[in-house]
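Below you'll find the structure, written out as structure tokens, and then a few comments.
In full-length UniProt numbering, the protein residues as written are 1 to 458.
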């Protein structure tokens, strides 16, 4: 797919990249309290009779718009044996409709100086266009056509299957960290909706049929499972008029959702993967609540204090002072359902894995028993506040944040509530909440280790 290359969210190789990007944000100068105030974007929302929802964020500073359509379906909605079907369908959405031949959508958007792309996540799939504001009707017509009239041609499906298989080889199977992380996460969440990644298992990619894809499309690509977000140089009334014109006659679908409950983990688990690598990795996986729980902000601050910040406990004690790890990092992955947090560190060599793990456990215990210092809490909290507010300065970014909270929880104002929660958060509360979710009996320890060949560890 032109300029897309299957842009699924949280493809495994981005885990380390996310950490370094987050570090860059944290290293920005600390702002004052006044600079951290949140200016909420102005927007209007409306719903058609068929349940299709719209959010409009006017900003007339430049004559451009971003038109996004979110479908409330992703990898966690997939059936066993059909993993990766959400991402597979995303590929097909660019291969033509009953009205437009393959390549025509790209050509039309390029001809007006615009660009388009798409992404598949664990809990949603979305498509977007960035175009001149004068072409609003064009993109609305194109997306309305794709919602109802997608073509399913066996030859195209099989061709795209090979593209996706090669993508999986490149992103997962030929990447040591990604390959190991996939196996460890599958063990940690075996039998649940978190067991597989967005791209799916290779066996399932091979077996997904054209009929499977068409059924999935008809089940979830419906007006009552979609949210359109338009931001930029646009008038609300214009969007309403075109929404009625292009979408109001579409019929709703009966949406079926699987059981998303995760079994509570009460005993620590451990899993080792031996791969062709000289660098070991140590991973700690934990269950976390859905993204509408404000406690997640406290967990993120805890992870910054422990592993992410340049002066974090792991970087100061284990990396700089003891020299037993090369790096560390952590993140949470927010979803509409229960999800996971990952903490990782890279032992300096394979012989230091156990020592590094023991040192990691001691640092966590110190925080749990002795708390966070006032200085490190204030530094991390202010940096975290700044990163959140900075992320909303752009109208398109703000619209995306509000849209996801609307799509997942029907609560677009959740971000403002998160800011208020963080403003009032104390260091004692951070530790209490971390103890609630990050105890040893709630984790899965995973290790990516060098293969042992001929009795010798490589």
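Don't be surprised by glycine CBs; every beta carbon is placed ideally from N, CA and C.
Predicted model, so just to flag it, every value in this text is computed and none were measured.
Quick one: using the 10 Å Cβ neighbour count with 16 as the cut-off for buried, is residue 323 buried or exposed? Exposed: under 16 other Cβ atoms inside 10 Å.
Of the residues 108, 117, 238, 186, the one placed nearest residue 58, counting alpha carbons only: For residue 58, the closest alpha carbon among the candidates 108, 117, 238, 186 is that of 238.
Locate the beta strand (DSSP E) running through residue 158, then write down its first and last residues. Residue 158 -> not in any beta strand (DSSP E); alpha helix (DSSP H) instead, spanning 154-168.
CB contact flag (residue 399, residue 198, <7 Å): Residue 399 places its beta carbon 7 Å or farther from that of residue 198.
Expressed to the nearest angstrom, what Euclidean distance is found between the alpha-carbon atoms of residue 205 and residue 304? Roughly 37 Å between the two C-alpha positions.
I need the boundaries of the beta strand (DSSP E) containing residue 227, first residue and last residue. Unbroken beta strand (DSSP E) run through residue 227: 226-232.
State the CB to CB distance for the pair residue 356 and residue 350, rounded to an integer number of angstroms; the pair is presumed to be in contact (CB under 8 Å). That pair is no contact at about 11 Å.
Let me know the secondary structure DSSP gives residue 86 once reduced to three states. Reduced to three states, the DSSP call for residue 86 is helix.
Measure the C-alpha to C-alpha separation of residue 35 and residue 389 and round it to an integer number of angstroms. Residue placement at residue 35 is poorly supported in this model, since its pLDDT is 40, which falls under 50; the coordinates still yield a value, given next. Residue 35 and residue 389: Cα-Cα distance of roughly 9 Å.
Helix, strand or coil: how does DSSP classify residue 68 here? DSSP places residue 68 in the strand class (E or B) of the three-state scheme.
Answer yes or no: do residue 236 and residue 358 have a C-beta to C-beta separation smaller than 7 Å? Their beta carbons are not under 7 Å apart, which means residue 236 does not touch residue 358 by this criterion.
Which residue marks the beginning of the alpha helix (DSSP H) containing residue 409, and which one marks its end? Looking at the DSSP string, the run of the alpha helix (DSSP H) that includes residue 409 is 395-409.
Roughly how many angstroms lie between the CA atoms of residue 264 and residue 202, to the nearest whole one? So the two alpha carbons sit approximately 29 Å from each other.
Just list the residues that DSSP pairs residue 63 with in beta bridges. When beta bridges are read from the DSSP output, residue 63 appears opposite no residue.
From what residue to what residue does the alpha helix (DSSP H) around residue 365 run? Start and end: 353-370.
Mind checking whether residue 138 and residue 407 have CB atoms under 7 Å apart? No.
Euclidean distance between Cα positions of residue 191 and residue 76: Roughly 12 Å separates the two Cα atoms.
Taking buried to mean at least 16 other C-beta atoms within 10 Å of its own C-beta, is residue 441 buried or exposed? It counts as exposed.
In whole angstroms, give me the CA-to-CA distance for residue 269 and residue 188. Looking at the two C-alpha atoms, the distance is approximately 8 Å.
Given 8 Å as the limit, is there contact between the region 178-185 and the region 122-131, that is, 3 or more CB pairs closer than that? With a cut-off of 8 Å, the region 122-131 and the region 178-185 do not count as touching, because too few Cβ pairs lie within range.
How big is the Cα-Cα spacing for residue 424 and residue 163? Between residue 424 and residue 163, the alpha-carbon positions lie close to 49 Å from each other.
Could you tell me which of 292, 158, 327 sits nearest to residue 404, measuring between CA atoms? Closest option to residue 404, Cα to Cα, is 292.
Assuming the contact rule is C-beta atoms closer than 8 Å, residue 221 and residue 147 should be a hit. Round their C-beta distance to whole Å, please. The pair is a contact, with the Cβ atoms about 6 Å apart (cut-off 8 Å).
Cα separation between residue 279 and residue 149? Taking the straight line from one Cα to the other gives about 49 Å.
Tell me where the beta strand (DSSP E) around residue 327 begins and ends. Residue 327 -> beta strand (DSSP E) spans 325-333.
Assuming residue 383 is part of the alpha helix (DSSP H), what are its boundary residues? Run containing residue 383: 374-391, per the alpha helix (DSSP H) assignment.
Same chain, Cβ closer than 8 Å to residue 160, five either side skipped, listed in chain order: The answer, listed in chain order, is 88, 91, 92, 95.
Could you check what DSSP says for residue 444 in three-state terms: helix, strand or coil? Residue state, collapsed to three classes: strand.
Could you tell me the alpha carbon to alpha carbon distance between residue 446 and residue 39, rounded to whole angstroms? Pairing residue 446 with residue 39, the inter-Cα distance amounts to about 42 Å.
Distance, residue 319 Cα to residue 326 Cα: Inter-residue distance for residue 326 and residue 319 is about 6 Å (C-alpha atoms, whole angstroms).
To the nearest angstrom, report how far apart residue 207 and residue 367 are at their CA atoms. Residue 207 and residue 367: Cα-Cα distance of roughly 48 Å.
Specify the secondary structure class of residue 26 as computed by DSSP and reduced to three states. Note that residue 26 scores 38 on pLDDT, short of 50, meaning its location in the model is unreliable and no value can be drawn from it.
Taking 7 Å as the threshold (C-beta atoms), are residue 72 and residue 225 in contact? Closer than 7 Å, so yes.
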